[in-house]
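One structure below.
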Amino acid sequence: MPTNDLEGRAYVVTGASSGVGLAAVRGLVARGAHVIGASRSGARGDASEGLALDLTDPEAIRRAADGVRRARSALDGLVHAAGGIYFEPQVSRFGVDRTWAVDYLGHVLLTHELWSLLASAPRARIATVAGNPRFVRPSSFDPTALERPPTSGLAGASLAMSMRVLWTHSLARRCEGTRITALAFHPGLVRSNLVGNGPWIVRTSARLLNAWASPHCAIAVRCATDASLDRDSGALIDPSGRAHRFPALEAHEATLTTISARLIGRAAAA
Ligand SMILES: NC(=O)c1ccc[n+]([C@@H]2O[C@H](COP(=O)([O-])OP(=O)(O)OC[C@H]3O[C@@H](n4cnc5c(N)ncnc54)[C@H](OP(=O)(O)O)[C@@H]3O)[C@@H](O)[C@H]2O)c1
2 MPTNDLEGRA YVVTGASSGV GLAAVRGLVA RGAHVIGASR SGARGDASEG LALDLTDPEA
62 IRRAADGVRR ARSALDGLVH AAGGIYFEPQ VSRFGVDRTW AVDYLGHVLL THELWSLLAS
122 APRARIATVA GNPRFVRPSS FDPTALERPP TSGLAGASLA MSMRVLWTHS LARRCEGTRI
182 TALAFHPGLV RSNLVGNGPW IVRTSARLLN AWASPHCAIA VRCATDASLD RDSGALIDPS
242 GRAHRFPALE AHEATLTTIS ARLIGRAAAA
């Protein structure tokens with residue numbers, strides 16, 4: 002049954018034009034939220050308003066965040082749903098491959114830029130798409146990979162997923178003492194355009210998978226809004242709402258934080 006329980010609340014959703022982000026936009030708008038939908042084109046789509054944002058470009062991220070800060074005094078949530086699987090390496094303006102920029106560094110910088118708005122809300126949530134907890138492999142996780150091109154599209158996306166899970170853990174520590182909480186989520190199987198740039202065999206398999214996939218992503222909406230998940234801040238939430246934590250991954254926290262700060266700082270100085 003439709004409700005307007007999110008009326009008066011405002012969210013920024015990245016990846017708003019497709020897949021998980023589009024599903025999150027629709028789910029939040031259906032409950033009366035004001036949703037700023039970010040994508041490269043800046044088209045409004047199904048959101049309340051559009052925001053042009055290229056996550057491979059630090060200057061574009063700062064510009065977009067500046068526009069949001071000028072227009073609003075608070076944000077109730079930030080949903081990081083943009084992502085890519087790229088089959089050709091390409092260096093982004095962060096100076097790292099665009100996989101790491103879109104899937105990870107761009108979201109780290111956007112969060113930093115919008116932090117003051119999140120801190121001004123009565124309570125706020127940062128929800129970041131990751132993936133299936135079964136595919137988080139702490140034993141092969143190497144944060145220094147961030148400074149090298151991924152070995153393949155799928156390997157790049159898989160490592161980026163672990164980076165987002167670990168970043169969420171460290172973000173939750175930063176949130177302590179604030180009214181902000183942070184969750185990563187596994188979206189389930191959501192209709193997607195993710196591998197549109199891949200080899201034909203990958204595109205064909207994705208088309209078949211899309212026939213099974215859902216146009217909705219209830220867990221994205223829940224992770225953006227459900228206060229009962231505050232206690233799980235820092236965890237990866239699966240579609241059933243169960244929280245997963247990865248102590249062995251957390252051992253890499255300091256290294257990932259140091260490398261990320263250096264890359265974002267370097268991009269700022271460029
Ligand atoms: N779909 C699933 O079932 C599923 C399952 C597990 C994990 N995931 C993860 O969820 C993430 C999103 O997947 P998806 O299925 O939603 O993919 P998708 O359908 O391809 O959507 C990707 C979104 O990211 C945006 N985007 C791409 N490059 C961007 C850039 N440089 N700057 C800003 N936005 C950019 C796209 O917007 P524009 O191109 O319009 O800019 C689009 O809205 C991926 O990391 C994926 O690994 C998805």
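Read left to right, the sequence shown gives residues 2 to 271 (the numbering used here). No residue lacks a Cβ here, since even glycine has one placed at the ideal position from N, Cα and C. Treat the numbers as computed from the prediction; the structure is a model and nothing was measured.
Burial state of residue i, where buried means 16 or more other Cβ atoms lie within 10 Å
i, result
"Trp213", "exposed"
"Pro123", "exposed"
"Leu184", "buried"
"Leu111", "buried"
"Gly189", "buried"
"Pro144", "buried"
"Gly266", "exposed"
"Thr129", "buried"
"Leu209", "exposed"
"Ala268", "buried"
"Asp6", "exposed"
"Thr4", "exposed"
"Asp98", "buried"
"Ala34", "buried"
"Gly28", "buried"
"Ala228", "exposed"
Straight-line gap, residue i to residue j (C-alpha atoms, nearest Å)
i, j, result
"Asp58", "Phe247", "30 Å"
"Gly51", "Arg174", "31 Å"
"Leu237", "His187", "7 Å"
"Ser153", "Glu8", "43 Å"
"Leu56", "Gly107", "5 Å"
"Leu118", "Arg45", "21 Å"
"Ser241", "Ser261", "31 Å"
"Ala131", "Met162", "5 Å"
"Arg180", "Val103", "27 Å"
"Pro216", "Ala24", "6 Å"
"Ser141", "Arg71", "42 Å"
"Trp101", "Thr205", "25 Å"
"Ala65", "Arg94", "16 Å"
"Asn211", "Ser74", "39 Å"
"Ala244", "Ser159", "19 Å"
"Pro134", "Ser49", "32 Å"
"Arg10", "Met164", "29 Å"
"Val324", "Leu172", "Nothing can be reported for residue 324, as the shown portion of the chain is limited to 2 through 271."
"Ser18", "Asn194", "10 Å"
First through last residue of the alpha helix (DSSP H) which encompasses residue i
i, result
"His217", "Per DSSP, His217 belongs to no alpha helix (DSSP H) and is neither H nor E."
"Ala24", "Gly20 to Ala31"
"Gly68", "Pro59 to Ala72"
Run of the beta strand (DSSP E) containing residue i, from where it starts to where it stops
i, result
"Ser40", "His35 to Ser40"
"Ile265", "From DSSP, Ile265 is part of no beta strand (DSSP E) but of the alpha helix (DSSP H) over Glu254 to Ala270."
"Gly78", "Gly78 to His81"
"Val14", "Ala11 to Thr15"
(message) For the structure I just gave you, are there three or more beta carbon pairs, one from the region 167–182 and one from the region 247–258, closer than 8 Å?
(response) The region 167–182, when compared against the region 247–258, does touch it at the 8 Å Cβ threshold.
(message) Counting beta carbon pairs with one atom in the region 197–217 and one in the region 233–253, are three or more of them shorter than 8 Å?
(response) no
(message) Check whether the region 72–87 and the region 4–24 touch, using three or more Cβ-Cβ pairs below 8 Å as the test.
(response) yes
(request) Quick one: which unbroken alpha helix (DSSP H) runs of 4-plus residues sit fully inside the region 98–152? Chain order, please. (result) 107–120, all fully within the region 98–152.
(request) Could you pull out every unbroken alpha helix (DSSP H) segment of at least 4 residues lying fully inside the region 170–212, listed in chain order? (result) none
(message) Does the contact criterion of 3 or more C-beta pairs under 8 Å hold for the region 82–90 versus the region 230–245?
(response) no
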